[in-house]
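Residue numbers (our numbering), protein chains in the order written: chain A, 1 to 308; chain B, 1 to 308.
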């Protein structure tokens, strides 16, 4: 273990994970608790209380840990650690989350949006190493994005940058509805949820995404088609981002990258079809090399940078 | 006239303009020459020769000018003044344009993409003053864009950021073809050229954009519809940029802002329909306050910043 190490945590919809991480990206003693932080009635004090208890217990076993990094589902203002809002936690507004946790734990605490943490993890330790600029896409239940510009996390003016899942890839009246209230968003075609829904519509069978992928591998043409179209729409959405940002390195993490062999070819075909001519063939898209640890390693990366 | 003043120039397809500009954005002694810089056979030496002759003659009348700024149609690497490529001038590649002009003129020379210059002009002197982040759209023969992040020009990794005109707003098979080789780009619906073409298709009459606007004002429902749809598509394209960049201030320059009264309402309606919920009603879109001088004032802004 590298001598500087930090505690990193990742808050999901139903559970919270924590692990120590060192400066080389080694990670150990992973612990989880179940905690439903997506209920309407969860208030600021609940969040602080649950996180403090969990992290405090962890820290008491590691007295030499120097800082804490946390990925949280919500919008943060720059690197202030102030949670502006969280779609799943409507009662939380303008909450100085990093400052409050820091007071409770008597340590430096760094907090950022969970998808942006995944981008930071991939940038420091994963497939996005050695790039100044990175667009990272999280491809799971939903589709999210995080942006690194000039080695810095980019949050936008109100912490809502890189709502990549809501890039529109279909404008027809028949475009699929999205959870955001719009239609034709890439999330409505290329998330794990979308793949399950579309496959069920086509076959009448509701299966887990992994099973649909397995069927695709075994020759089920409908299953294969659903993944291929998802890949094509992802490529189209990436092309839209590249037209605006002129970024050449894209990484993708999340459960769906298990289907990379089927997703990648149509993704690259659509991407190269839709980017402007001089960029055709110049954009690289890589699967995460961090398994499902991009987010927690990104939370660690913030804390490690804070210790430098 | 403010004491620091610079020479600013703007290279268009068929003519080149130059004027002195002071630190308050006052502009004077505007001169133009005709020069067709969009021919396939134009080479590096031609460009340097034409620009040097024109700017040298101007400078000889203003011996106290301290720097030169130039807007040029092409892709530039960061603020290096190196022209990577120019769509209309295929023989120009990796040309150190700023450095060459600087040697010829014995002055500091700053060069940047023309649409990005318009963004810089609007940011320093126009409707985008007092913002850290600005998306500026040029709405004329074509549709272009320039992006300011944290008060700095953003060029992307190969000078091709903010190809705003090629954001897709229609994905149907019947989507209009665009000059870029793609289809459904906002430029194919909302540029001056597109407005003329669409109006001609609907009425059989080929008219100048100004005349179509005049007709719209006089009650021609077809003319009005063409502008309204252009506004709607612009709003839709701005929403796509806002989803990725979370930028709250947008400015628009170019000939078409003469039709602001018709364009703006459907633009705002589409924008607020398509941005993510928390940003509805929070994005401001302003017409340029610099008439057709945004580009030349932006070229000046670069040179003025270089004198600081």
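Heads up, the beta-carbon is just placed ideally off N, CA and C, and yes, glycines get one too. Everything numeric in this text was worked out from a predicted model, so none of it was measured.
For residue 138 of chain B, the uninterrupted beta strand (DSSP E) segment begins and ends at 134-139. Runs of alpha helix (DSSP H) with 4 or more residues, each lying fully within the stretch 16-60 of chain B, are found at 44-60, listed in chain order. Burial check for residue 33 of chain A: the Cβ neighbour count within 10 Å stays below 16, so the residue is exposed. When the Cα atoms are used, residue 248 of chain B and residue 284 of chain B turn out to be separated by approximately 6 angstroms. Looking from the CA of residue 277 of chain A, the closest CA among B/27, B/35, B/86 belongs to B/86. Here residue 43 of chain B is exposed. Its C-beta has fewer than 16 other C-beta atoms within 10 Å. Residue 93 of chain B sits in a strand when the DSSP states are folded into three classes. Counting other Cβ atoms within 10 Å of its Cβ, residue 106 of chain A stays below 16 and is therefore classed as exposed.
With three or more CB-CB distances shorter than 8 angstroms, the stretch 235-251 of chain A counts as touching the stretch 126-133 of chain A. With a cutoff of 8 angstroms on beta-carbon distance, residue 229 of chain A and residue 199 of chain A are scored as not near each other. Neighbours of residue 245 of chain A in chain B, taken as residues whose beta carbon is under 9 angstroms from its own, are 147, 154, 156, 157, 161, 162, 244, 245 in chain order. Interface flag for residue 180 of chain B against chain A is set, since a Cβ pair is found closer than 8 angstroms. A straight line joining the alpha-carbon of residue 19 of chain B with that of residue 57 of chain B spans about 12 angstroms.
Secondary-structure assignment with DSSP links residue 9 of chain B through a beta bridge to B/18, B/70. Contiguous beta strand (DSSP E) elements confined to the stretch 145-170 of chain A occur at 152-154, taking only those with 3 or more residues.
Neighbourhood of residue 188 of chain B in chain A, by CB distance below 7 angstroms: empty, with the nearest CB roughly 13 angstroms away. Around the beta carbon of residue 208 of chain A, fewer than 16 other beta carbons lie within 10 angstroms, which makes this residue exposed. Across the stretch 250-280 of chain A, CB contacts with chain B closer than 7 angstroms involve 274, 276, 277, 278, 279, in sequence order along the chain. Beta bridge pairing from DSSP links residue 76 of chain B with B/83.
Taking 8 angstroms as the threshold, the shortest C-beta distance from residue 241 of chain B to chain A falls below it. With 16 or more other CB atoms across the displayed protein chains lying within 10 angstroms of its CB, residue 138 of chain B is buried.
Within the DSSP bridge table, the entry for residue 288 of chain A names no partner.
Burial is judged here by how many other beta carbons sit within 10 angstroms of a residue's own beta carbon; residue 39 of chain B has fewer than 16 and is exposed. Neighbours of residue 215 of chain B across chain A, judged by C-beta separation under 7 angstroms, do not exist; the nearest C-beta is about 28 angstroms away.
With fewer than 16 other beta carbons inside 10 angstroms of its own, residue 49 of chain A counts as exposed. The Cβ neighbour count for residue 177 of chain B, taken over all protein chains shown within 10 Å, is under 16; the residue is labelled exposed.
Within the DSSP secondary-structure output, residue 252 of chain B pairs in a beta bridge with B/137, B/287. By the neighbour-count criterion, in which 16 or more other beta carbons inside 10 Å mark a residue as buried, residue 150 of chain B falls on the exposed side. Interface criterion met: the Cβ of residue 167 of chain B is under 8 angstroms from a Cβ in chain A.
Taking 7 angstroms as the cut-off between beta carbons, the residues of the stretch 116-137 of chain A near chain B are 133, in sequence order. Neighbours of residue 171 of chain B in chain A, taken as residues at a C-beta separation under 9 angstroms, are given in chain order as 168, 169, 170, 171, 172, 175, 184, 236. Neighbours of residue 85 of chain B in chain A, taken as residues whose beta carbon is under 7 angstroms from its own, are 278 in chain order. Using a Cβ distance threshold of 8 angstroms, residue 237 of chain B and residue 224 of chain B do not count as a contacting pair. Counting only the Cα atoms, residue 13 of chain A lies some 37 angstroms from residue 163 of chain B.
For the 8 angstroms CB-CB criterion, residue 187 of chain A and residue 194 of chain A form a contact.
Only buried fits residue 155 of chain B, as 16 or more other CB atoms lie within 10 angstroms of its CB.
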